[in-house]
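> Under the working numbering, the letters of the sequence shown match residues 1 to 293, in that order. Below are the C-alpha cells for one structure; questions will follow.
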Amino acid sequence: MNSKNEMRLLDIEKRLTTFEEVALGYNEEEAYLEAKRCLNCKTKPCVKSCPVAIDIPRFIEKIKEKDVESAYQIISEANLLPGICGRVCPQESQCESTCVRAIKGEAVAIGRLERYVADHYQGRAKIPTTKNQYRVAIIGSGPAGLACAGVLIGKGYQVTVYEAMHENGGVLVYGIPEFRLPKRIVKAEIDNLKQMGVVFENNVVVGKTISLENLRQEFDAIFIGTGAGLPKFMNIPGENYNGVLSANEFLTRINLMKAYKKEYDTPLKKMNNVAVVGGGNVAMDAARCAKRL
C-alpha cells in the first residue's frame with residue numbers, strides 16, 4: 001500500500017460551530033493496518049530524523065503485535081509527551097521525511113501511530129526507581145520545560161517547575177487551539193510527570209515572586225525555558241488601534257481564557273470581518289479560531 005490509511009475527521013459543518021478536535025485519530029484496526037506498512041528498515045532513517053531519537057520501527061512493530069503497552073514504554077524511553085507530539089510535531093519534515101515508503105508513495109503515518117499509542121495507554125510511564133541528591137529548577141512549563149523535566153526525572157533528579165501562569169503547559173495551552181490539541185491531552189501528560197515526581201509551582205514569576213539568586217542557592221542547576229512569549233509587530237501605523245490584536249493575545253483569550261464559551265466573560269469583541277496578517281501556523285490557528293467564533 002503506497003498511501004497512508006486515512007484518519008477520521010470531524011464533519012466540516014460541525015467544525016464551523018465547535019472547538020472539538022478535528023482529527024479523530026486511528027482506532028485499533030486502522031492503527032494495525034498503518035503499522036503493517038512499516039518496512040522495519042535496518043538503517044532506521046526515521047530514527048535519525050527524530051529530534052529525540054524515538055525507536056520508531058520498534059514501537060510500530062509492537063502495534064503490529066497489538067501490544068500497545070510495550071509500544072508506549074518504548075516511546076516513553078525517549079519522549080514523555082507522545083500525545084502532544086503525535087498531534088503537533090511536524091513529522092512531515094522530520095521522521096516521515098526520510099521514511100523509505102515515501103520514495104514511491106506516502107510515508108508511514110508515524111505521528112498518527114504515536115498519537116494512537118499515547119491515547120490508548122495514556123499516562124502510564126514507569127515511575128523512576130533510581131534517585132540522586134541533585135535538585136534542578138525549571139523556569140517555564142511549556143514544551144521545552146516539560147521535555148526537560150521528563151528527561152531529568154527519568155534520570156533520578158529532583159525536579160521543580162516554576163510557571164508564571166495559573167495553568168501549566170505554556171504555548172500548548174494558551175497558543176494552540178483546542179481543535180488541534182485538546183487541553184485534556186496536555187493535562188494528562190503533565191499529570192503523568194507529576195506521578196513520576198515532578199513538582200509544579202504555579203503563579204510564580206521568577207524575578208518578582210522569587211529571585212534567580214534564591215533559586216541558585218536552593219538548586220544545583222537551573223533550566224530556563226521561558227519560550228517566545230512576546231509577539232513581534234511590524235512597526236507600521238495603526239497597530240495600536242482598537243480591534244488590532246497580536247495573535248498571541250487573541251489566541252490566549254480564546255484558548256486559556258475560554259472566550260469561545262458563552263459562560264465565560266472573557267473580553268473579546270464580536271467580529272464580522274477579520275483580517276489575519278501572516279501565513280504560518282500561528283496565523284492559521286488565529287484564522288481558524290476567528291472562523292469558529
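Using N, Cα and C, we set each Cβ at its ideal position, and we do this for glycine too.
Just to check my reading of the structure: V47 and D55 have Cβ atoms closer than 8 Å, yes? What is that Cβ distance to the nearest angstrom?
To locate residue 47, count along the sequence shown from 1; it is residue 47. To locate residue 55, count along the sequence shown from 1; it is residue 55. At roughly 6 Å, the Cβ-Cβ gap stays under 8 Å, so V47 and D55 are in contact.
> Sort C85, K4, T18, H120 by Cα distance to A147 and report the nearest one.
Along the sequence shown, read from residue 1 onward, the residue named residue 147 stands at position 147. Cα-wise, what sits closest to A147 is C85.
> Tell whether a beta-carbon distance below 8 Å holds between L81 and G150.
Residue mapping note: residue 81 aligns to position 81 of the sequence shown, counting from 1. Residue mapping note: residue 150 aligns to position 150 of the sequence shown, counting from 1. A contact, by the Cβ cut-off of 8 Å.
> In or out: V277 buried (at least 16 other Cβ within 10 Å) or exposed?
Against the sequence shown, residue 277 aligns to sequence position 277. V277 comes out exposed.
> Would R112 and M7 qualify as a contact pair, given that the criterion is a beta-carbon distance under 8 Å?
Here residue 112 corresponds to residue number 112 of the sequence shown, with the count starting at 1. Here residue 7 corresponds to residue number 7 of the sequence shown, with the count starting at 1. Cβ distance < 8 Å, so R112 and M7 count as in contact.
> In the DSSP output, what is R8 paired with across the bridge?
Along the sequence shown, one-based indexing puts residue 8 at 8. According to DSSP, R8 bridges with G25.
> Given 8 Å as the limit, is there contact between the segment 279-291 and the segment 206-218, that is, 3 or more CB pairs closer than that?
The segment 279-291 vs the segment 206-218: no contact.
> For T130, which of helix, strand or coil comes out of DSSP?
Translated into the one-based positions of the sequence shown, residue 130 becomes position 130. DSSP places T130 in coil when its eight states are reduced to three.
> Which value, in whole angstroms, describes the spacing of the CA atoms of I176 and M234?
Numbered from its first residue, the sequence shown carries residue 176 at position 176. Numbered from its first residue, the sequence shown carries residue 234 at position 234. If you take the alpha carbons of I176 and M234, they lie about 23 Å apart.
> Quick one: what does DSSP say Q195 is sitting in, helix, strand or coil?
One-based indexing of the sequence shown puts residue 195 at position 195. Correct three-state label for Q195: helix.
> Is R180 helix, strand or coil by DSSP?
Start at 1 with the first residue of the sequence shown, and residue 180 comes out as number 180. R180: coil per DSSP, three-state reduction.
> So for F219, helix, strand or coil by DSSP?
Numbered from 1 along the sequence shown, position 219 holds the residue referred to as residue 219. F219 falls in the coil class under three-state DSSP.
> Are N126 and Q73 touching if we call contact CB-CB under 8 Å?
Position 126 of the sequence shown, counting from 1, holds the residue named residue 126. Position 73 of the sequence shown, counting from 1, holds the residue named residue 73. The residue you asked about is not Asn; residue 126 is Lys in the sequence shown. Yes, Cβ-Cβ distance for K126 and Q73 is below 8 Å.
> Tell me, please, which residues DSSP counts as bridged to R135.
By one-based count along the sequence shown, residue 135 stands at place 135. For R135, which the question treats as bridged, DSSP gives the partners Q158.
> Taking its Cβ as the centre, do 16 or more other Cβ atoms sit within 10 Å of S93, making it buried, or is it exposed?
For the purposes of this step, residue 93 is taken as the residue at position 93 of the sequence shown. Result: exposed.
> Where does I103 sit, in a helix, a strand or coil, going by DSSP?
Locating residue 103 in the sequence shown gives position 103, where the first residue counts as 1. Here I103 sits in helix by DSSP.
> Is the beta carbon of P51 closer than 8 Å to that of C325?
Limits of the chain in this structure are 1 at one end and 293 at the other, which puts residue 325 out of reach.
> Any idea what DSSP makes of I236, helix, strand or coil?
The residue you call residue 236 lines up with position 236 of the sequence shown. If DSSP states are grouped into helix, strand and coil, I236 belongs with coil.
> In terms of DSSP beta bridges, what is E201 paired with?
Counting from 1 along the sequence shown, the entry for residue 201 is found at position 201. Note: E201 sits in a beta bridge opposite Y162.
> Which of the three DSSP states is assigned to I110 in this structure?
If you number the sequence shown from 1, residue 110 lands on position 110. Residue state, collapsed to three classes: helix.
> I need the boundaries of the alpha helix (DSSP H) containing V282, first residue and last residue.
One-based indexing of the sequence shown puts residue 282 at position 282. Here the alpha helix (DSSP H) through V282 covers 281-292.
> Can you give the Cα-Cα distance for Q217 and N132, rounded to whole angstroms?
Walking along the sequence shown from the start, residue 217 turns up at place 217. Walking along the sequence shown from the start, residue 132 turns up at place 132. C-alpha separation (whole angstroms): 18 Å.
> So what's I56 in DSSP terms, helix, strand or just coil?
Stepping through the sequence shown from its first residue, residue 56 is reached at position 56. Three-state DSSP puts I56 in a helix.
> Is there contact here, the segment 25-38 with the segment 175-191, by at least three beta-carbon pairs under 8 Å?
No, they do not touch.
> Can you tell me the Cβ-Cβ gap for N5 and A109, rounded? I've got them flagged as a contact below 8 Å.
Here residue 5 refers to the residue found at position 5 when the sequence shown is read from its first residue. Here residue 109 refers to the residue found at position 109 when the sequence shown is read from its first residue. That belief holds up - the Cβ atoms of N5 and A109 are roughly 7 Å apart, short of 8 Å.
> Closest to A283 by C-alpha separation, out of G197, K232, S141, I12, would be which residue?
Stepping through the sequence shown from its first residue, residue 283 is reached at position 283. The shortest C-alpha separation from A283 is found at K232.
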